[in-house]
Amino acid sequence: MTFKNHSRPYDLVVFGATGYTGSLIAEHITTRFPTDLKWAIAGRSADKLRNVAEQCKALNSGRQPPEIEVCNLNDADVTALAKKTFALITTVGPYARYGEYAFKACAESGTHYFDCTGEAVWHAAMIRKYEASARATGACMFPQSAIESAPSDLVTFSMASLIRSELSAPVGDVVVKIHEIRGAPSGGTLRTVLELFDFFPWKEVAQSHKPYALSPVPNPKKAPKPSLLSRLTGVYSMPKLGRMSTSMTAGANTAVVHRTWGLFKKEPSLQKYFYGPNFTYREFLRAKSYLGGMAMHYGIVVSGLLLVLFPPIRKLVRKYVYQPGEGTSKEAQKKECIEFRGVATPDIQPSIGKQAWCKAEFNGGLYYCKHPICLYAYMPTCLVGGISKLMTGIVTGVFASQAACTILQDDLDLPGGIYTPACLGQGYIDRLNKAGFKMETKIVDA
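Mapping of the sequence shown onto full-length UniProt numbering: residues 1 to 446, in sequence order.
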């Protein structure tokens, strides 16, 4: 499939390509994208960019290596870069500190935008500041379009689409579980967690994770209320999903899934995908035992409070994690995986005894820590956003790159604005499947 015609020098620029995640995105593009792609890598160091370009050339000698764009972190340089490309992926973080340069430049320049953030509070701030600009210029912006929060959003989209096509019904309650995770974060990802509260007060962070906080329209429908025992222990149980506990991804991912619901209701070109008026979403993490689930829940709560309330603890933890730009070895990446499972119930009364079930998995290429203490460094992600603090790496490269490829090739009929991964549609899911993120969705008995 060919890329869209446009008048800019590049189809795609990877901004932050000398960092750990950025270099993996460049690697994925080099080995997976059509050779007629016009692309560039951008960052502050010309020498480091040349090294990345040489690595790309070694990976695929049959294509031209990327062009090099030296770009400093200021409005003038980043705006000039954005105007040179049809689409831009940025990995320059922490996004709360550095991300606004690229977001602003793309929104005001009509450049399609993708990032790897899991910072829902920052996402909310960008919506407030730049949605009007993106609509005016035609820029389609896709924050949180990598491991956070694309899998949760796409699993929900896939199950809802199947219920609509097979059962001719809207969707009611959706529950997604992270069934398996092996891996951990890079230094830049951990730095994001540890610095977020330096930029946003905890009340604003908490507000950004309330139901439908990012949605353009409100939804009065509330998720099913858990039992008193589940509220006390943090442990839940559900047919087809088993025993579950508090998910470190729930805050950021739920915010994005709820925004998808709102966009599908509001945007004329997306209304055919609308989930329904009684849609709810919940997310959990598999608990291998009851006591383990309780420990997981209270570990998240306690460590989160410690890091939020006591800045010296955040400073101490910084000494025990990867520094920005560092990450796991290629050999270690091969042993890492992530698997999601989900169940969606059609909104039909009386019940017809059917549900949609989904399994989605990716093997090989996340991240890991160099010290056990870092496990507790990202426990508070139930408050600040989740699994990108646990794992990204190659899988982030896959999600962000294939999202950009979708907008480069597919006719999405989207006006300018700030969107979610599911707004890229089935073409995005199909590309991810070919790239290694395998998704199986089917109708099962309830």
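Glycine included, each C-beta is placed from N, C-alpha and C at the ideal position.
Please say whether residue j and residue i have beta carbons closer to each other than 7 Å?
i	j	result
S158	T441	yes
S45	T85	no
A344	L214	no
A356	T280	no
residue 447	A132	The requested residue 447 is not part of the displayed model; the chain covers only 1 to 446.
A120	S208	yes
I429	L154	yes
G417	R128	no
F33	A403	no
P346	A169	yes
T420	T260	yes
H179	R286	yes
R63	K177	no
residue 516	A102	Examination of residue 516 is not possible in this model, given that the chain is present from 1 through 446 alone.
A360	M238	no
F15	L408	no
L196	R318	no
V256	S401	no
W122	A80	no
L13	A42	The amino acid at residue 13 is misidentified as Leu; the sequence shows Val. Yes, the pair counts as a contact, with Cβ atoms nearer than the cut-off.
T406	L432	no
I313	L306	yes
Are there 16 or more other CB atoms within 10 angstroms of the CB of residue i, so buried, or fewer, so exposed?
i	result
S388	With a pLDDT of only 39 at S388, under 50, the local geometry of the prediction cannot be trusted, and the value read off the model is given with reservation. By the neighbour-count rule (16 or more Cβ atoms within 10 Å), S388 is buried.
H6	exposed
residue 454	With the chain covering 1 to 446 only, the question about residue 454 has no answer from this structure.
Q144	buried
D115	buried
Y273	buried
T35	exposed
S109	buried
N51	exposed
Y275	buried
N253	buried
I181	buried
P311	exposed
V308	buried
K434	exposed
V175	buried
Since I believe residue j is in contact with residue i (beta carbons under 8 Å), could you give me their beta-carbon distance rounded to a whole number of angstroms?
i	j	result
A139	Y113	6 Å
A87	D198	At roughly 30 Å, the Cβ-Cβ gap does not stay under 8 Å, so A87 and D198 are not in contact.
K210	N278	Not a contact, Cβ separation roughly 19 Å.
T91	G22	4 Å
T30	L73	Not a contact, Cβ separation roughly 25 Å.
G234	S245	5 Å
K48	P9	K48 to P9, Cβ: 22 Å. No contact.
V217	K265	6 Å
residue 470	F399	Absent from the structure is residue 470, since the part of the chain shown begins at 1 and ends at 446.
Can you tell me where the beta strand (DSSP E) with residue i in it begins and where it stops?
i	result
P363	The sequence shown places Asn at residue 363, rather than the Pro named in the question. Where N363 is concerned, the enclosing beta strand (DSSP E) stretches over 354-363.
P346	337-346
L285	280-286
E100	First-last for E100: 100-109, but that is the alpha helix (DSSP H), not the beta strand (DSSP E).
Y130	Segment 120-137 is the alpha helix (DSSP H) holding Y130; no beta strand (DSSP E) there.
A422	Neither: A422 is in no beta strand (DSSP E) and is coded neither H nor E.
T85	85-90
A42	39-43
V217	Here V217 belongs to no beta strand (DSSP E), and DSSP marks it neither H nor E.
H112	112-115
G242	242-246
D75	Taken as a continuous stretch (DSSP letters only), D75 belongs to no beta strand (DSSP E), being part of the alpha helix (DSSP H) at 75-82.
K225	From DSSP, K225 is part of no beta strand (DSSP E); its letter is neither H nor E.
K442	438-445
Could you pull the start and end residues of the alpha helix (DSSP H) that residue i belongs to?
i	result
F399	394-409
T30	20-32
D47	46-59
K203	202-208
Regarding residue i and the ligand SAH, is the C-beta to nearest heavy atom distance less than 6 Å?
i	result
L162	The model depicted lacks the ligand SAH and carries no ligand whatsoever.
Any beta strand (DSSP E) of 3 or more consecutive residues that is wholly inside the region 261-320: For the beta strand (DSSP E) assignment, the uninterrupted runs of no fewer than 3 residues enclosed by the region 261-320 are, from N- to C-terminal side, 280-286.
At 3 residues or longer, what runs of the beta strand (DSSP E) sit wholly inside the region 133-175? List check, beta strand (DSSP E) in window: 140-142.
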